[in-house]
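Working notes for the structure below.
In the numbering used here, the protein residues as written are 442 to 848.
Here you go:
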């Protein structure tokens, strides 16, 4: 465990300055008030390739021999490492092939191709794509650049910790997203070298908690399956090479449910105008899991490469979770003017109807033979309840429905 040295980290920090953009810390009054800690964001979603991965990829390629470069590079990635390798390979004038899961968002696939890399789609998850990439490396003699289980890659990622400590020397806690563990290895190892008192906490999706399970077992374990909207961290097995560093330097691991990511997305988009992908939101959601101790906490926003379809789905589901969109059904007598009456009640309560379904055939009883399903906007839970109460006061019996089932 002597390969990750301070000299190497300093070298990597200097090297990656050729390609990284400055991502100065953003102090968040909103999350500070919400959590009881002094919260800062490290916005790596603002990097050229939309994620921190450019750091590890560029430093790794800079350490390769001319012979290794001439063979051509190959890697596997769910998207962000793919763009990092493609961009770095282009800078060094080296051909690159990227194997990506078939589930990779189209935005990440197209951006990787636009950077000049050859893209091969294979497998449902990263692990399957990685096996294919290793097969192709052996078959064609390519130089394989692992996205996380590589000490040079992890060293490049550690440049983030160098920047954090330089800008905020008194940082108490750093929250770092975990997929395979490369970022967490670099950040936690260097942070402990610079100041052993800094607490570094890994954050991974509950549906892909390979590191937490491995730490419990004391050895690297492989999950049977992964299931999470955080596609960039949907990894079954953490890195073998880097695992001892994670055991040594991570203070804790927090797991986050997918529903928490949806709320975090809206919180950071509305309050900081930052577009952060689901894996990058892990550390935002984790802020609510920390005790309120007035500590200086840095949350690493690892990436912002989210395609429009995913973004639309997350926004819609987030609005539903916050009661900003909700649906009720009411039964009406089959007589003229009832629809107008219900609409006026909702309008007077400042609700905004966005969808109506009018079914006249649910019953032969004309006194309650029309079902009206109403989807509407509200300001939040309190406002939603006031609209429901207004309908009840007018003699209706609104039944709340799941809006997701109606889209």
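Don't be surprised by glycine CBs; every beta carbon is placed ideally from N, CA and C. Values in this document were obtained by computation on a predicted structure and should not be read as measured data.
- In its chain, beyond the 5 residues on either side, 481 have a beta carbon closer than 7 Å to the beta carbon of residue 468.
- DSSP, read as helix, strand or coil, puts residue 837 in coil.
- Judged by DSSP in its simplified three-state form, residue 693 adopts strand.
- Spanning the alpha carbons of residue 466 and residue 617 requires a straight line of approximately 14 Å.
- With distances taken between CA atoms, residue 453 lies nearest to 627 out of 670, 744, 584 and 627.
- Residue range 811-818 is occupied by the beta strand (DSSP E) that includes residue 816.
- The DSSP-derived three-state label of residue 486 is helix.
- When beta bridges are read from the DSSP output, residue 741 appears opposite 483.
- Using a 10 angstroms sphere on the CB of residue 825, the tally of other CB atoms reaches 16 or more, which defines it as buried.
- One thing to note: residue 570 has its Cβ no nearer than 9 Å to the Cβ of residue 549.
- Of the candidates 636, 688, 639 and 722, 688 places its Cα closest to the Cα of residue 658.
- When the beta-carbon positions are compared, residue 523 and residue 553 come within less than 9 Å of each other.
- In the DSSP assignment, residue 597 falls within the unbroken alpha helix (DSSP H) covering 592-598.
- Buried is the label assigned to residue 746, since at least 16 other Cβ atoms lie within 10 Å of its Cβ.
- When the five nearest sequence neighbours on each side are left out, the beta carbons in the same chain lying within less than 8 Å of the beta carbon of residue 495 are those of 457, 460, 461, 488, 489, 524, 525, 528 and 529, in order along the chain.
- Rounded to whole angstroms, residue 776 and residue 651 show a C-alpha spacing of 60 Å.
- When C-beta atoms of the region 718-725 are compared with those of the region 682-702, three or more pairs fall below 8 Å, so the two segments count as touching.
- Bounds of any beta strand (DSSP E) do not take in residue 733, whose DSSP letter is neither H nor E.
- Annotation for residue 668: no beta strand (DSSP E) segment contains it, and DSSP assigns it neither H nor E.
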